[in-house]
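Each remark here refers to the structure printed beneath this line.
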Amino acid sequence: LCEPPRDLLQFCSSRENEMWHPEVLVVLLVACFVSATAGSQVISVTQFQTSSCADRQAPGMICSSCNTVAVCLKIGTQWETVWVESCNPDEGLYCNEFEGGCSSSVGACNPGGGGNFECNTPGVFPDPHNCRLYHMCFLNGNNPVSISMDCGAGAFSPTTGDCSLLANDTICLSQQYNCSFVGQMAAWPGNSNIYYICAAETTNGNRVLRPRLYRCPANQMFQDGQCVLRDWANMPPGSIVPYECQRPGLFADPTHCRYYYSCNMDLSAERLQCPDGTYFDSSILTCVLGVC
Numbered sequence: 003l004c005e006p007p008r009d010l011l012q013f014c015s016s017r018e019n020e021m022w023h024p025e026v027l028v029v030l031l032v033a034c035f036v037s038a039t040a041g042s043q044v045i046s047v048t049q050f051q052t053s054s055c056a057d058r059q060a061p062g063m064i065c066s067s068c069n070t071v072a073v074c075l076k077i078g079t080q081w082e083t084v085w086v087e088s089c090n091p092d093e094g095l096y097c098n099e100f101e102g103g104c105s106s107s108v109g110a111c112n113p114g115g116g117g118n119f120e121c122n123t124p125g126v127f128p129d130p131h132n133c134r135l136y137h138m139c140f141l142n143g144n145n146p147v148s149i150s151m152d153c154g155a156g157a158f159s160p161t162t163g164d165c166s167l168l169a170n171d172t173i174c175l176s177q178q179y180n181c182s183f184v185g186q187m188a189a190w191p192g193n194s195n196i197y198y199i200c201a202a203e204t205t206n207g208n209r210v211l212r213p214r215l216y217r218c219p220a221n222q223m224f225q226d227g228q229c230v231l232r233d234w235a236n237m238p239p240g241s242i243v244p245y246e247c248q249r250p251g252l253f254a255d256p257t258h259c260r261y262y263y264s265c266n267m268d269l270s271a272e273r274l275q276c277p278d279g280t281y282f283d284s285s286i287l288t289c290v291l292g293v294c
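This is the structure we're talking about:
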């Protein structure tokens, strides 16, 4: 068993009577993991990827593995995974959900990435190739640690930082980045705090361009090749107003009952949205059924 950092223990003991939201539990587990591996040179990538229709529970194509294309079919009350195509990696073919089958295009599986995500800065990031996945990046000393999470039947929203989108959302139907040349960079669609830089990689003799994702500091956005402070005074109506964290945890958004803020150990805030038909209950720190 790992021993969490002392400041984490103090934080936990001060809130021992509160119910923990799953996202906070993930942060605590990661903090425990990082503490246990402090001083090591391990770069950990823990994957929780959906590879069966029983887990996904939604119709459509799925990569049951990087070499196998399948479709999800509900028969009675059971979700069945039906194999439809086998991809040959020796021919440079891998399962690609964007293209609906075996493909030589860059994707979560090609070339041989297996869905691994490269952490460059701490934070939560969308997966560049799979709309159902997102990645939580932390630093273990000087080493990046990535925890990969799966939205299952839903899709990850870079805007709200949760699995609030449907699997047929436009982000699942079209590539969200453009890598035409090395060094090309742009803000990530839906969240200008996130940006990507296109880098060349060589795998199995093939040169490919892949996006590497980064985050600007809190309350900054990526614009014209640099991170700049947001001009909140000139933001359009309905824009997210910055929240100043006083301590780690979850806090209600005073402007809207369906939103709340997640403050991490660095006191950086992320605005999140409860699913449709629910609202954030500050007394138990979670989304509950009902309207407000």
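Residues 3 to 294 (my numbering) are what the sequence shown spells out, left to right. The beta carbon of each residue, even a glycine, is placed where N, CA and C say it ideally should be. Treat the numbers as computed from the prediction; the structure is a model and nothing was measured.
request  = Using the Cα positions of L291 and D283, report the straight-line distance between them to the nearest angstrom.
outcome  = 10 Å
message = For S88, which residues in the same chain have their Cβ closer than 7 Å to its Cβ, ignoring the five residues on either side in sequence?
response = N69 and T70
request  = Just the C-alpha distance for E99 and W190, rounded to the nearest angstrom, thanks.
outcome  = 20 Å
message = Please return the same chain residues whose Cβ sits closer than 8 Å to the Cβ of D129, not counting the five positions on each side in sequence.
response = A110, G117, F119, L135, Y136, H137, S150 and F158
request  = Would you kindly check if the distance between the Cβ of C265 and the Cβ of P250 is under 7 Å?
outcome  = yes
message = Using the Cβ count rule (16 or more neighbours within 10 Å means buried), how would you classify R209?
response = exposed
R209, DSSP secondary structure in three states = strand
request  = Please classify E272: does DSSP put it in a helix, a strand, or coil?
outcome  = strand
message = Tell me which residues share the same chain as A155 and place their Cβ nearer than 7 Å to its Cβ, disregarding the 5 neighbours each side in the sequence.
response = R58, Q59, A60 and A169
request  = Kindly indicate which residue of I199, D92, Q248 and D164 has the alpha-carbon position closest to the one of D278.
outcome  = D164
ask   = If you follow the alpha helix (DSSP H) that I173 is part of, which residue opens it and which one closes it?
value = T172 to L175
Outcome for I77 when other beta-carbon atoms lying within 10 angstroms are tallied against a minimum of 16 = exposed
ask   = So, using beta-carbon positions, are Y245 and A254 closer together than 7 Å?
value = no
query = At which residues does the alpha helix (DSSP H) containing A72 begin and terminate?
reply = Careful: A72 lies outside any alpha helix (DSSP H), inside the beta strand (DSSP E) at T70 to I77.
key: C55 and W81 closer than 7 Å at C-beta   = yes
Minimum C-alpha distance to Q275 - residue among N142, S67 and T161 = T161
query = With C-beta atoms as the reference, is R217 less than 7 Å away from I196?
reply = yes
ask   = Closer than 7 Å, CB to CB, is Y263 near chain C or not?
value = Within the model displayed, chain C is absent; a lone protein chain is all it includes.
query = Hey, would you say V84 sits closer than 7 Å to L95, going by beta carbons?
reply = no
ask   = According to the neighbour-count rule (16 or more other Cβ atoms, all chains shown, within 10 Å of its Cβ), is N142 buried or exposed?
value = buried
inquiry  = Excluding the 5 residues flanking E203 on each side, which residues of the same chain have their C-beta closer than 7 Å to its C-beta?
reply    = V210 and R212
key: Cβ pair C1, S148 closer than 7 Å   = Any answer about residue 1 is impossible in this case: the structure gives the chain only from 3 up to 294.
message = Between which residues of its own chain and Y179 is the CB-CB distance below 7 Å, once the five residues before and five after are set aside?
response = P130, Y198 and P213
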